[in-house]
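Under numbering that gives the first Met the number 0, the letters of the sequence shown match residues 0 to 452, in that order. Note that CB positions come from ideal geometry on N, CA and C, so glycine has one too. Please read these numbers as outputs of a predicted model, since none were measured by experiment. The structure appears right after this line, and notes come after that.
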Amino acid sequence: MSDTVALARRFPRGFLFGTATAAYQIEGGHDADGKGPSIWDTFCRQPGAISTGETGDIACDHYHRWREDVALQSDLGCNAYRLSISWPRVIPDGSGAVNEAGLTFYDRLVDELLGKGIRPFVTLYHWDLPQALQERGGWSSPETVAAFGRYADVVSRRLGDRVGDWMTLNEPEVVAYAGHWVGVHAPGVRDFRTAVGVSHHLLLAHRDAARAVRAAHRDARVGIALNLSPCDPASDTGDDAEAARRMDGYLNRWFLDPLFGRGYPKDMLELYRPYFDRGDELVGYDGALDFLGVNYYARRIVRAGAGPLRADRVDPEGAEHTAIGWEVHPASFRKLLLRVHEDYAPRHVYVTENGAAYDDAIVDDRVDDPARVSFLARHFDAAATAIAEGVPLRGYFIWTLMDNFEWAHGTSKRFGIVHTDYATQRRRVKASGEWYRGLIATHRGARATAAAK
Ligand code: FCB
């Protein structure tokens with residue numbers, strides 16, 4: 000039996016095989032049909048913010064090529080798709096008038112997906128905050144939390160009759176800390192106190208948006224996509240173990256504990272005391288999730304160090320890396336899935352992102368990307384093992400459908416299973432896309448045979 004056949008059989012009937020994208024990374028159409036500017040439109044125009052000097056003004060031009068991009072997914076055999084909605088396309092200044100043309104775009108996209116048997120999973124916030132809200136304080140301000148609740152209401156009323164699966168936020172840790180501590184993402188703030196405050200507002204925004212979506216549609220399933228990683232100590236000294244525990248608190252528990260009704264972790268409240276004293280605002284927090292979305296790329300190895308976390312990341316010697324410098328470590332993926340299951344028992348789990356950047360080349364009109372095929376095969380294998388061990392994993396979204404605008408790296412990092420030629424906007428399915436098509440077709444075939452017996 001080939002490896003793919005054996006792998007395909009390990010996923011249960013009805014398993015969702017999809018890809019994930021985000022509005023700013025693919026849509027382009029940055030000022031089309033009444034869309035307002037987002038913080039990413041602004042950030043990309045700051046000299047030095049994007050390593051290639053690019054903007055997402057055009058990106059994959061998905062705003063004009065969405066039909067083709069849905070056909071591509073259907074061609075791959077995908078039965079689910081994770082997309083995000085651009086808030087400033089729907090409400091250009093974030094809190095005021097609704098832009099009908101923006102809603103119409105998503106309306107048609109959802110209909111097209113459903114027409115092809117592809118179940119849409121919609122993320123409300125994948126980082127493109129309306130610039131007008133940023134000018135009034137952005138995620139540091141409670142006004143943004145309120146505006147997000149209203150935006151969730153507007154979108155879910157419009158799409159909720161056809162979209163059943165919602166994610167409020169993508170990666171609140173990255174929004175808070177890459178955006179407001181390290182400053183490598185929009186809005187480019189560099190202040191730890193601000194960042195912790197933002198993480199708190201994001202959790203409140205999640206709660207309010209979840210309520211709004213459920214109020215609009217009683218049967219809606221609401222989740223969140225968190226970037227999670229096992230944090231392993233660099234050595235067996237007590238100091239490194241404690242540093243790894245702090246890193247785990249910062250990255251994983253700070254979000255998971257409240258979302259699963261436990262409030263903020265006490266050790267982290269203690270550590271953050273010089274920066275944050277609003278933990279009691281979460282008393283009675285109901286972040287109730289119908290599912291947990293896990294974005295996994297790599298583990299973290301940690302040693303005692305400096306900064307507010309008194310911890311530093313270490314790059315393991317001799318490790319295998321992708322072209323963006325992230326370690327390839329599928330065993331940590333299985334460990335992570337088991338850990339969330341054992342420690343938090345989410346009803347359902349989806350892998351809402353997993354994938355890899357490689358320096359792909361077109362040779363004879365083909366993109367052969369064996370390293371990505373190997374990456375994906377090993378991570379799907381880890382996920383299948385986690386399922387066999389009891390994790391209620393219901394679907395897997397590869398990051399990403401097609402090469403796109405990779406934030407601060409511009410288009411220099413390619414994560415797609417489909418190649419994007421930015422000069423012509425031609426899409427070419429890579430060998431990894433063919434591999435995925437084969438996995439999905441084999442899964443369906445194997446399941447159909449099993450059912451007929
Ligand atoms: C995640 C983001 C996604 C993409 C991948 C590579 O952190 O959610 O938009 O950039 O990384």
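Inter-residue Cα distance where the pair is residue i and residue j
i: residue 263; j: residue 195; result: 12 Å
i: residue 332; j: residue 352; result: 12 Å
i: residue 55; j: residue 148; result: 26 Å
i: residue 354; j: residue 315; result: 20 Å
i: residue 60; j: residue 27; result: 5 Å
i: residue 175; j: residue 400; result: 26 Å
i: residue 287; j: residue 259; result: 7 Å
i: residue 133; j: residue 266; result: 31 Å
i: residue 215; j: residue 153; result: 9 Å
i: residue 162; j: residue 183; result: 33 Å
i: residue 291; j: residue 391; result: 10 Å
i: residue 436; j: residue 77; result: 8 Å
i: residue 422; j: residue 430; result: 21 Å
i: residue 237; j: residue 308; result: 16 Å
i: residue 415; j: residue 100; result: 28 Å
i: residue 397; j: residue 371; result: 11 Å
DSSP state of residue i mapped onto helix, strand, coil
i: residue 98; result: coil
i: residue 17; result: strand
i: residue 191; result: helix
i: residue 65; result: helix
i: residue 227; result: coil
i: residue 448; result: helix
i: residue 236; result: coil
i: residue 183; result: coil
i: residue 421; result: coil
i: residue 220; result: strand
i: residue 165; result: strand
i: residue 249; result: helix
i: residue 275; result: coil
i: residue 48; result: coil
i: residue 122; result: strand
i: residue 36; result: coil
i: residue 135; result: coil
i: residue 263; result: coil
i: residue 8; result: coil
i: residue 129; result: strand
i: residue 214; result: helix
i: residue 58; result: coil
i: residue 1; result: coil
i: residue 431; result: helix
i: residue 140; result: coil
Per-residue burial, residue i [other beta carbons within 10 Å of its own, 16 or more giving buried]
i: residue 45; result: exposed
i: residue 359; result: buried
i: residue 394; result: buried
i: residue 40; result: buried
i: residue 305; result: exposed
i: residue 51; result: exposed
i: residue 17; result: buried
i: residue 234; result: exposed
i: residue 257; result: buried
i: residue 247; result: buried
i: residue 405; result: buried
i: residue 32; result: exposed
i: residue 67; result: exposed
i: residue 96; result: exposed
i: residue 30; result: exposed
i: residue 129; result: buried
i: residue 402; result: buried
i: residue 119; result: buried
i: residue 93; result: buried
i: residue 361; result: exposed
i: residue 319; result: exposed
i: residue 177; result: buried
Min CB distance residue i to chain B below 7 Å
i: residue 423; result: Considering every chain present, this structure includes no chain B. It has just one protein chain.
Practice task
Note down, one range per segment and in chain order, each alpha helix (DSSP H) of at least 4 residues found wholly within the segment 278–356.
Solution key: 329–343
Handout entry: Segments assigned beta strand (DSSP E), at least 3 residues, entirely inside the segment 358–417
Key = 392–398
Practice task
Would you be able to state if there are at least three C-beta pairs under 8 Å between the segment 289–303 and the segment 220–235?
Solution key: With three or more CB-CB distances shorter than 8 Å, the segment 220–235 counts as touching the segment 289–303.
Exercise for the section: Would you check if the segment 19–26 and the segment 80–88 touch, i.e. whether three or more CB-CB distances between them fall below 8 Å? Expected result: yes
Practice task
Examine the Cβ distances between the segment 106–116 and the segment 1–8 and report whether three or more of them are shorter than 8 Å.
Solution key: no
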